[in-house]
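Enquirer: Below is the structure I would like to discuss, written out as structure tokens.
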Amino acid sequence: MITVALVLLVAVLVGAILQRITGMGLGLVAGPVLSVALGPAAGVTVVNGLSVVNAANNAWAVRARTDWHRFRFLIGGLVVGSVPAAFVVTAIDGPWLLVTVGLLVMAALGVSMLNTEKLRVSEESRTAMIVTGVAGGFMSTLVGIAAPAFTIYARITRWDYRDFVATLHPVILVANLLSFVVKLIVLTHIDTGDLPVWIWVVALVTIFVGAWFGDRLNDRMSSEGMRRLATLLAFAGAATLLIQGIVQLVS
20 MITVALVLLV
30 AVLVGAILQR
40 ITGMGLGLVA
50 GPVLSVALGP
60 AAGVTVVNGL
70 SVVNAANNAW
80 AVRARTDWHR
90 FRFLIGGLVV
100 GSVPAAFVVT
110 AIDGPWLLVT
120 VGLLVMAALG
130 VSMLNTEKLR
140 VSEESRTAMI
150 VTGVAGGFMS
160 TLVGIAAPAF
170 TIYARITRWD
180 YRDFVATLHP
190 VILVANLLSF
200 VVKLIVLTHI
210 DTGDLPVWIW
220 VVALVTIFVG
230 AWFGDRLNDR
240 MSSEGMRRLA
250 TLLAFAGAAT
260 LLIQGIVQLV
270 S
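Going letter by letter, the sequence shown gives residues 20 to 270 in this note's numbering.
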């Protein structure tokens with residue numbers, strides 16, 4: 020359990036720092052890592068829980084820049100996308116869920132890196148907002164990661180980066196809360212891998228420590244550089260999931 024605790028705390032610290040700066044990080048970094056350490060279902064659930072606290076802290080800090088008009092439509096889509104994902108979690112378990120999580124994370128990251136210069140979507144398109152919300156809700160409930168879907172939307176609508184990050188924080192907050200509620204209704208219980216209370220407490224403290232470091236680094240480091248680092252770490256984590264699932268399938 021000590022090893023699991025150390026892995027969790029390092030992943031949470033790095034993820035919290037990156038998320039404070041770029042709007043994405045905790046789910047991308049800690050999601051794949053904890054899915055290996057705790058199992059895919061428990062790992063995603065723990066990330067959902069920690070992300071609620073992290074997103075609430077970040078959302079409050081940047082609330083003045085939040086675009087509440089877009090927020091409402093994105094959240095509407097989130098609600099729709101979360102329900103089918105909860106049923107998918109019940110249908111796929113063990114090695115296949117590891118493989119599925121790994122592939123979905125890698126696919127989402129790959130799409131988020133596509134060159135979108137030739138794609139133009141109106142900032143006022145409600146359809147685009149809702150579709151993005153559906154994709155984000157599905158990914159959040161299934162693998163604990165919603166940010167890549169919103170990142171794609173931000174790029175193709177040319178959304179101001181800092182305003183995007185400010186709006187993403189409350190969206191991620193609602194996404195993770197929704198994942199908890201939907202799983203509780205569909206599964207009638209929440210799988211957290213039987214983590215002791217002390218690990219939860221230390222992990223929550225680590226979130227605030229990571230946010231503090233993120234604030235200090237924000238003015239000194241390029242957000243684009245930090246986003247690339249988060250993407251690299253997430254790809255490594257997703258690859259680990261994929262390999263782990265394949266090994267279990269063939270063994």
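For every residue, glycine included, the Cβ atom is placed at its ideal position computed from N, Cα and C.
Computed from a predicted model, the values in this text were never measured in an experiment.
1. Which residue marks the beginning of the alpha helix (DSSP H) containing Val224, and which one marks its end?
2. So, is Val106 buried or exposed, given that buried needs 16 or more other C-beta atoms within 10 angstroms?
3. Measure the alpha-carbon distance for Leu161 versus Ala104 and round it to whole angstroms.
4. Could you tell me how far apart the beta carbons of Gly256 and Val65 are, in whole angstroms, since I believe they sit closer than 8 angstroms?
5. What does a CB cutoff of less than 7 angstroms around Thr312 pick up in its chain, not counting 5 residues either side in sequence?
6. Are the CB atoms of Gly50 and Val71 nearer to each other than 9 angstroms?
7. Thinking C-alpha only, which one of Val120, His88, Gly58, Leu45 is nearest Gly229?
8. Would a C-beta distance cut-off of 9 angstroms place Gly42 and Leu192 closer than the cut-off?
9. Which residue wins for smallest C-alpha separation from Trp332, given the options Ala30, Asn76, Asn67?
10. When the Cα atoms are used, what is the spatial distance from Arg139 to Arg174?
11. Mapping DSSP to helix, strand and coil, what is Ile21?
12. What did DSSP end up calling Thr64 once you bin it into helix, strand or coil?
13. Cβ of Arg124 within 9 angstroms of Cβ of Leu214?
14. With burial defined as no fewer than 16 other Cβ atoms inside 10 Å of the residue's Cβ, what is the status of Ile40: buried or exposed?
15. Confirm the yes/no value for this check: CB of Val72, any heavy atom of the ligand ADP, distance under 8 angstroms.
Expert: The answer reads as follows:
1. Note, Val224: alpha helix (DSSP H), 216 to 237.
2. The residue asked about is misnamed: residue 106 is Phe in this sequence, not Val. Looking at its Cβ environment, which holds fewer than 16 other Cβ atoms inside 10 Å, Phe106 is exposed.
3. 5 angstroms
4. Not a contact, Cβ separation roughly 14 angstroms.
5. Missing from the structure shown is residue 312; the chain here goes from 20 to 270 and no further.
6. Against a cut-off of 9 angstroms, the Cβ pair of Val71 and Gly50 comes out as no contact.
7. Of the residues Val120, His88, Gly58, Leu45, the one whose Cα lies closest to the Cα of Gly229 is Leu45.
8. no
9. Nothing about residue 332 can be read from this structure; the chain reaches only from 20 to 270.
10. 9 angstroms
11. In this structure, Ile21 counts as helix in the three-state DSSP scheme.
12. helix
13. According to the sequence as given, residue 124 is Val; it is not Arg. No. Outside cutoff.
14. Flag for Ile40 reads buried.
15. Because no ligand of any kind appears in the structure shown, any question about the ligand ADP cannot be addressed here.
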